[in-house]
Amino acid sequence: MYIPPYFAVTDRDEIFAFIEANAFGQLISIVDGRHCATHIPFLLSPDKSCLLTHVARQNPQHLEIEGQEALVTLAGPHGYISPSWYAGAGVPTWNYQAVHLYGQCRLITDPQQLSAIVEELSANYESGFAEPWQPQYGASMLSAIIGIEIAISDIQCQYKLSQNRSSEDQARVIQQLQSADAHALADAMAHAAALNETLRT
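The sequence shown begins at 1163 in the working numbering and counts up one residue at a time.
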C-alpha cells in the first residue's frame, strides 16, 4: 500500500503487537483468475514468522492457495476527520491503522495441527469471558475445515493518525473524537503521538 513517510510504522514490536490486537482481517488470493477475499481471524505464530488460520472446506479459496502468495489485511480503529476540527485550514480525511502482510501459503490438513489452531483461536477470544467456553472439537468438525499457514515475507504498516498536522490540531482532533465516543480512535492517535515522540528522543 502507499505509505507517506510520516505515517509509516517500522518498529517490529509495535507492528506485531498491533497484529495480535487486531487479528481479524481479510485473506486475499487468486481463485479462478480473480481476487478472492475471506474475512477470518488469524493467529501469529510464537516466532512471529507466519500467520495461521482456517477456512471451510466448502470455501473454494483453499483449492488454489497452496504455494500462492496471499495478502492479509488487518485494520484498527478508523473514522472520519472533519477539517472544522483544525485550528487552521484543512481538508476532510479519514484516520485509520492498517497492516498488510504478504506470504506464501501452505495447506494444513493434519487433525492435530488443525485442532491446535482452532483451540488457540477459541482460547484467545474466550479469555475475556467470566466463564470461558472449553473447546471440544470432534473429528467430524475438524474434517470440515482446512488450515492455512502463511509464511510472512513482507509487512507494511501505516498509522494514518494526523501525524502530518500540528500538535495543536492533533489534540483538537482527539478531543472531538472523544466527544463523539470514538474513544478507540482517539486512543490510537494518542498512542501514535507518544510513539513518534519516543522515536524522536
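Every residue, glycine too, gets a C-beta built ideally from N, C-alpha and C.
Cβ contact annotation for Gln1325 (same chain, cutoff 7 Å, sequence separation greater than five): Tyr1168, Phe1169, Ala1354, Asn1358, in chain order. Note: Asn1257 is bridge-paired with Gly1241 in the DSSP secondary-structure output.
Shown here, Gln1318 sits in a strand according to DSSP, grouped into three states. Judged by their CB atoms, Cys1212 and Glu1282 are not nearer to each other than the 7 Å cut-off.
In this structure, Ser1315 sits near Tyr1264, with a CB-CB distance shorter than 7 Å.
Between the alpha carbons of Ile1243 and Gln1320 lies a distance of about 17 Å. Remark: C-beta atoms of Val1261 and Leu1236 approach each other more closely than 7 Å. In terms of CA proximity to Ser1207, Ala1278 leads the group Asp1349, Ala1278, Glu1226.
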